[in-house]
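Heads up: the structure comes next, in structure tokens.
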Amino acid sequence: MDDISQALPLVTRQRHRLDARRLRIAAAPLVAACSCATLLVAAALALLWVPSDADQGFSQRIFYLHVPIALTSYACFGAAAWKAFRLLATGDERRDLESYTAVHIGVIFGLLTLVTGSIWARISWGIWWSWSEDQLVLFLVIFLFYCAYFMLRFAVEPGTRRSRLSAVYALFGAVLVPVSFLAIRLAPRYIHPVVFTMSGPQMARSMLLVFCLSLAGLLGLAGSLYRTELGGRRIDRRLRELRSGS
Amino acid sequence: MTTSEKYVTAAYLVFLGIVLVYVVIYSTKIARLERELAELGKAEGSPEHE
Chain A
8 MDDISQALPL VTRQRHRLDA RRLRIAAAPL VAACSCATLL VAAALALLWV PSDADQGFSQ
68 RIFYLHVPIA LTSYACFGAA AWKAFRLLAT GDERRDLESY TAVHIGVIFG LLTLVTGSIW
128 ARISWGIWWS WSEDQLVLFL VIFLFYCAYF MLRFAVEPGT RRSRLSAVYA LFGAVLVPVS
188 FLAIRLAPRY IHPVVFTMSG PQMARSMLLV FCLSLAGLLG LAGSLYRTEL GGRRIDRRLR
248 ELRSGS
Chain B
19 MTTSEKYVTA AYLVFLGIVL VYVVIYSTKI ARLERELAEL GKAEGSPEHE
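Order-wise, the sequence lines are chains A and B. Quick note on numbering: the first sequence equals residues 8 to 253 in my numbering. Quick note on numbering: the second sequence equals residues 19 to 68 in my numbering.
Right, dumping it as structure tokens:
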């Protein structure tokens, strides 16, 4: 009788987890569609509605794309570190694939940050890249750090050792994200603009609204890409296991 | 169209392009997985496996 009463909460918890998973799977296409629609609206508002910046003029409109993309890549790296931490804490090997997928999406958004940032630099500063800018160089360091993650991962045979090494590496990478954030604020001189200061966002409400819309759309898009890629990777791994077993 | 407008449009198009390339690459991969799953399903149903 005691065994049954102990097992009941476990069964209920498992059922709740299953329900939550089913809901996530059912809601995935809706989230993806909403994200794309939000992004389209944000892009239209950014290009046609928002007033031009007094200092930078029309070119400032890249801000609504560049900064949310950078924040999304940080969010992906943060998620990868969280999954890595859970792998190391619980030994749950499923987290390895989740952490790997989050890093992959983060690197894609990191590449987009560098490309859109370079285009913005070309308009505003007349150069594609500046090595004297801490923010730029630190972001490049983060990007290359996570690119090296793949080299490490594919240099080690699949198994527990690889998942542990990858998890530790992903956790270390998360330390670089706040460093990148702080560096620009602590740097004595810079030409890279800082919009979010200690006294809040330095922009008009309409600009903040479009920025938030763009960020929401990009986070939703990253989440949808993550779900799709993770699902594909899980099927791929299962197929390999079935093939090697047969 | 001014130079600024050209660059801003280019930035938005680059974003769209990279996301589209990703989607195309991943669609190809999903199609391959579906094909492999179907092959595996057929192999499971074949007389050799019975």
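Ideal placement from N, C-alpha and C gives every residue a C-beta, glycine not left out.
For Val42 (chain B), the enclosing alpha helix (DSSP H) covers residues 21-63.
Between Ala91 (chain A) and Leu178 (chain A) a beta carbon distance of about 5 Å is seen, short of the 8 Å cut, so the two are scored as contacting.
No Cβ-Cβ contact shorter than 8 Å links Ile242 (chain A) with Ser187 (chain A).
Between the C-alpha atoms of Thr19 (chain A) and Leu215 (chain A) there is a straight-line separation of about 43 Å. By the rule that beta-carbons nearer than 8 Å mark a contact, Val42 (chain B) does not touch chain A.
The DSSP-derived three-state label of Gly124 (chain A) is helix. Counting C-beta pairs with one atom in each stretch, the region 59-69 of chain A and the region 21-28 of chain B have three or more that are closer than 8 Å, which means they touch. Remark: three or more beta-carbon pairs, one from each stretch, lie closer than 8 Å, so the region 77-88 of chain A and the region 104-111 of chain A are flagged as touching. Note on geometry: alpha-carbon atoms of Glu52 (chain B) and Arg129 (chain A) lie some 44 Å from one another. As the crow flies, the alpha-carbon of Trp136 (chain A) is around 21 Å from that of Gly113 (chain A). The closest CA to that of Ala50 (chain A), considering only A:Phe70, A:Pro36, A:Ala40, A:Ile32, is found on A:Phe70. Its Cα nearest to that of Ala96 (chain A), the residue A:Ala174 stands out among A:Ala174, A:Trp138, A:Ser131. Rounded to whole angstroms, the Cβ separation of Trp127 (chain A) and Ala29 (chain B) is 7 Å, and the two are in contact under 8 Å. Using a CB distance below 7 Å, the part of the region 57-72 of chain A facing chain B consists of Gly64, Phe65, Ser66, Arg68, Ile69, Leu72, ordered along the chain.
For Phe150 (chain A), the uninterrupted alpha helix (DSSP H) segment begins and ends at 141-162. Pro165 (chain A) sits in coil when the DSSP states are folded into three classes, being neither helix nor strand. At the C-beta level, Leu222 (chain A) and Pro58 (chain A) stay beyond 8 Å of one another. The contact set of Thr46 (chain B) on chain A, defined by CB atoms closer than 8 Å, is empty, because the minimum CB distance reaches about 11 Å. Less than 8 Å divides the Cβ of Gly227 (chain A) from the Cβ of Thr45 (chain A). Chain-ordered listing is empty here: chain B has no CB closer than 9 Å to the CB of Trp136 (chain A), the nearest sitting near 15 Å.
Where Val74 (chain A) is concerned, the enclosing alpha helix (DSSP H) starts and stops at 70-97.
Nearest neighbour of Gly98 (chain A) by Cα position, chosen from A:Ser42, A:Gly124, A:Arg169, turns out to be A:Arg169. Interface annotation, Gly239 (chain A): in contact with chain B, CB-CB separation under 8 Å. Within chain A, no residue has its beta carbon less than 8 Å from that of Ala56 (chain B); the closest one is some 11 Å off. CA-to-CA, the gap between Cys83 (chain A) and Val182 (chain A) works out to about 13 Å.
Within the DSSP bridge table, the entry for Pro208 (chain A) names A:Phe203 as partners.
The Cβ of Leu38 (chain B) sits no closer than 8 Å to any Cβ of chain A.
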